[in-house]
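In what follows, a structure is listed as structure tokens, so that the remarks can point back to it.
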Amino acid sequence: MPHENVFVSNHIHVEGPIPGPYSLLTVASAAHRADGTLVSTFTVNLRELPGATIHPIALRSWRGRADDWLTTRRAPRPPAAATSAYVRWVDALPDAAVFVADPEAQDHVFLYWYVQRFAGHWPFVATSTDPQVRDTLPDATVCPLPGCRDGVTHTARESAELLRP
């Protein structure tokens with residue numbers, strides 16, 4: 001049987017432009033096959049990093065999205081526990097995982113920093129920016145889960161846009 005990748009699209013909510021001084025608040029991920037079939041989803045809210053602050057631009061943005069902010073604060077987990085759970089989820093996927101993200105978005109920077117800091121290893125075999133991977137990306141993915149909103153739906157929609165040729 002040929003090797004097949006699972007494409008993991010990610011969406012995050014953050015408190016600023018870079019990890020460390022600013023916190024990652026939410027991770028929502030959807031794993032898909034190349035044909036767009038949903039394999040699994042993952043969502044977790046994280047507690048703020050000790051000593052981290054909120055960037056003034058992020059604060060203005062969150063003030064206009066109070067409901068979204070409250071969603072990120074529901075049952076937040078410590079960063080180490082949340083990140084370890086994310087890595088376990090990726091590691092448990094049925095095939096090699098490819099990280100899918102817009103290279104100009106913060107998703108890769110924040111997730112890479114958190115995963116390296118709290119889990120100690122990057123669980124992906126490649127990223128969507130790798131030239132040999134780009135040609136194998138699915139055309140579109142849509143979240144088929146009834147009532148899925150928050151990050152999972154957003155992630156699936158972002159994936160559809162990002163992966164469109």
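Using this note's numbering, the first residue of the sequence shown is number 1, and each one after it goes up by one. Glycine included, C-beta positions come from ideal geometry on N, C-alpha and C.
Once you ignore the five residues that flank residue i on each side, which residues in its own chain have a CB closer than 6 Å to its CB?
{"i": "Pro78", "result": "Arg47"}
{"i": "Pro19", "result": "Phe110 and Trp113"}
{"i": "Val125", "result": "Ala96"}
{"i": "Trp62", "result": "Trp69"}
{"i": "Ala58", "result": "Glu15 and Gly16"}
{"i": "Glu4", "result": "Asp95"}
In or out: residue i buried (at least 16 other Cβ within 10 Å) or exposed?
{"i": "Thr37", "result": "exposed"}
{"i": "Cys143", "result": "Any reading at Cys143 must be qualified, since the residue scores a pLDDT of 37, below 50, and its modelled position is unreliable; the value itself is stated next. Under this definition Cys143 is a buried residue."}
{"i": "Ala97", "result": "buried"}
{"i": "His32", "result": "buried"}
{"i": "Asp139", "result": "Because the pLDDT at Asp139 is just 48, under 50, the model does not fix this residue reliably, and the point stays unresolved."}
What does a CB cutoff of less than 8 Å around residue i pick up in its chain, not counting 5 residues either side in sequence?
{"i": "Asp107", "result": "Asn10, His11, Ile12 and Ala101"}
{"i": "Thr53", "result": "Glu15, Gly16, Pro21 and Tyr22"}
{"i": "Pro123", "result": "Val87, Val90, Asp91, Ala97 and Val115"}
{"i": "His121", "result": "Val87 and Val115"}
{"i": "Leu93", "result": "Val6, Val8, Ala31, Val39 and Ser40"}
Cβ atoms of residue j and residue i: under 8 Å apart, would you say?
{"i": "Asn45", "j": "Leu70", "result": "no"}
{"i": "Tyr86", "j": "Val27", "result": "yes"}
{"i": "Phe118", "j": "Thr83", "result": "yes"}
{"i": "Phe99", "j": "Val6", "result": "no"}
Per DSSP, residue i forms a beta bridge with which residues?
{"i": "Ala97", "result": "Val6"}
{"i": "Arg77", "result": "Leu46"}
{"i": "His13", "result": "Thr26"}
{"i": "Thr127", "result": "Phe99"}
Among the residues of its own chain, which have a CB less than 7 Å from the CB of residue i, if the five just before and after it don't count?
{"i": "Ala75", "result": "Asn45"}
{"i": "His55", "result": "Glu15, Gly16, Pro17 and Tyr22"}
Go through the segment 15-51 residue by residue and report every complete run of the beta strand (DSSP E) that reaches 3 residues or more, in order. Look at the segment 15-51 and you find these whole runs of beta strand (DSSP E), each 3 residues long or longer: 24-32 and 38-45.
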